[in-house]
Amino acid sequence: MSTRRSLGFAAAFGAACLPALAQDAVEWRSYGGDAGNTHYSSLEHINRDNVGELTLAWRYASAAGAPLPHSSELQVNPIVLDGVLYGRNPLYNVFAIDAATGRERWTFTPGEEHAGMSNMRGVTFWQDGDDRRILFTTGHFLMALDASNGKLIPGFGAQGRVDLREGLGRKPEQVSINAPSPGVIFDDLIIMGSAVTETAGSAPGDIRAYDVRSGKLVWSFRTIPAAGEFGADTWPEGARETSGGANAWAGMSVDATRGIVYAPTGSPAPDFDGSARAGDNLFGNTLLALDARTGKRLWHFQTVHHDLWDRDLSSAPTLVTVTEDGKSR
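Numbered per my numbering, the sequence shown spans residues 5 to 333.
Structure, rendered in structure tokens:
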């Protein structure tokens, strides 16, 4: 990776592993490698014996010579499917390049009006037959592109865009929200967390699922409960209308077999002042297990009650299978 005027991606290959790479499929289908966020690949072509033989194969300058937006960085972890690498650059653009050669296939530029102040970490892929989509956020919009050509899909939301400011119980124009970590897929849903401000008056960090085809909201889990809901008694009366935060900004993990999405949340807002939010403040600083189809809470574990130190859960959990007494679980 170059960090001068040209920010980009580089690929390196060793002579010893080239034949195997040509024969085997090489995929990294989601931000964390897989739905369980394991960050693990079983590939063995590059190992401790040949890593010293790696040489530069290609370089892709994703933002060559362009002035970078304020507070923008290259934080993306690209995905690789069917020989194509999909990623983002510091200009908030989305690109597709040939993973073997670095040749650009397409680039999508969302435009300055959609630029956000947050560093984007990646994109999400969904497929049903020939319908292949790349989903991502820029500013307060969730967008869907045709993976084959990088064009917005008109039938998704309003001409390819869904406004994440809507549906939070606040005036949209007063909501500051984005989603730096890419959403996760379960069946035909994209499940989204968000990043909100951590000051007084911030928006609640609801976890929401959208139909990946239409962009319509399917379910929403309120991380700051409304009156009468479980956890509402851990806040002052009316907190849903006045408090914010408790948002899942770090990404999520999915158990597709059981239909469960695991979402870690951050602190309530204001983060360092709890004087106006007496109580444990569920579901801030909490690992949530939700029914991926409905958003119903299955269980939760709060790591910090009434957080005053901004101790966010800053990474999606890793799902593993363990064997106990001869049984896997």
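Don't be surprised by glycine CBs; every beta carbon is placed ideally from N, CA and C.
- When the beta-carbon positions are compared, I157 and Y90 stay at least 9 Å from each other.
- In terms of CA proximity to G205, P274 leads the group P274, D134 and R301.
- In the DSSP secondary-structure assignment, D215 is bridged to L193.
- Rounded to the nearest whole angstrom, the CA to CA distance from K155 to L149 is 5 Å.
- Fully contained in the region 206-253 are the following beta strand (DSSP E) runs of length 3 or more, in chain order: 211-215 and 221-225.
- Apart from the 5 residues on each side of it in sequence, L302 sits with its Cβ closer than 8 Å to the Cβ of I264, A293, L294 and D295 in its chain, given in chain order.
- Between P208 and R244, the beta carbon gap of about 7 Å places them in contact (Cβ cut-off 8 Å).
- Look at Q306 here: in three-state DSSP terms it is strand.
- The C-beta distance from L317 to A254 rounds to 6 Å, short enough to fall under 8 Å.
- In the structure shown, Q131 falls within a strand segment according to DSSP collapsed to helix, strand and coil.
- Per DSSP, the continuous beta strand (DSSP E) segment holding I83 begins and ends at I83 to L85.
- For A65, the enclosing beta strand (DSSP E) starts and ends at T59 to A65.
- Straight-line measurement puts the Cα of S198 at about 15 Å from the Cα of W223.
- Within the DSSP bridge table, the entry for G91 names F99 as partners.
- Looking at the backbone, the Cα of E170 and that of E77 are separated by about 27 Å.
- Our two residues, G159 and A280, have alpha carbons roughly 43 Å apart in a direct line.
- Separation of R63 and G106 (C-alpha to C-alpha, rounded to the nearest whole angstrom) is 6 Å.
- In the three-state reduction of the DSSP assignment, P176 falls in the helix class, which pools H, G and I.
- Under the three-state reduction of DSSP, V326 is assigned to coil, being neither helix nor strand.
- Going by DSSP, S271 is part of no beta strand (DSSP E) at all; its letter is neither H nor E.
- For V55, the three-state secondary structure derived from DSSP is helix.
- Closest by C-alpha distance to G164, out of T59, I189, G173 and D215, is D215.
- According to the DSSP assignment, R165 belongs to the beta strand (DSSP E) that extends over R165 to D167.
- The Cβ-Cβ distance between D311 and G283 does not fall below 9 Å.
- Setting aside the 5 residues that flank it on each side, N123 is surrounded in the same chain by S76, E77, Q79 and P184, each with a C-beta closer than 7 Å to its C-beta; the list follows chain order.
- Here T141 is bridged, per DSSP, to L146.
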